[in-house]
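What follows is one structure encoded as structure tokens, with my remarks underneath.
In the working numbering, the protein residues as written are 78 to 171.
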């Protein structure tokens, strides 16, 4: 299986607009695992993992699911896959 895992930081209008829950919904619909949380500086970070994960397609889908979300920029770094992760979780603040 060709799993990938990414650490992503989002900048824009991504807090108080349902962003984390939208990301979770899209991730679950695609069978991806990981987590997402708000950062104290107003940004949001996440780790996402899945088979044949196309992170740009995933972000496009998230943008389509809410008119309130505005992603001005994001950074992506590929990281090590975590075995035995079962779901995508929404966390609080970091």
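Ideal Cβ positions, reconstructed from N, Cα and C, are used throughout, including at glycine.
Just so it is clear, the structure is predicted and the values come from calculations on it, not from any experiment.
Extent of the continuous beta strand (DSSP E) run through residue i
i, result
"residue 143", "Where residue 143 is concerned, there is no enclosing beta strand (DSSP E), given that its DSSP letter is neither H nor E."
"residue 128", "121–128"
Presumed contact (8 Å Cβ cut-off) between residue i and residue j, rounded CB distance
i, j, result
"residue 123", "residue 85", "5 Å"
"residue 90", "residue 167", "Not really, about 18 Å apart at Cβ, beyond 8 Å."
"residue 110", "residue 164", "6 Å"
"residue 128", "residue 79", "6 Å"
"residue 169", "residue 120", "Actually they do not touch by this definition, with Cβ atoms about 14 Å apart."
Closest Cα partner of residue i within the set the options
i, options, result
"residue 81", "168, 167, 155", "155"
"residue 87", "169, 158, 151", "151"
"residue 102", "157, 79, 138, 163", "138"
"residue 161", "92, 126, 130, 144", "126"
"residue 134", "92, 93, 169, 100", "100"
"residue 92", "157, 107, 148", "148"
"residue 131", "112, 104, 146, 157", "104"
Strand pairing of residue i, partner residues [DSSP]
i, result
"residue 113", "123, 167"
"residue 155", "83"
"residue 150", "88"
Opening and closing residue of the alpha helix (DSSP H) in which residue i lies
i, result
"residue 92", "No alpha helix (DSSP H) contains residue 92, which DSSP labels as neither H nor E."
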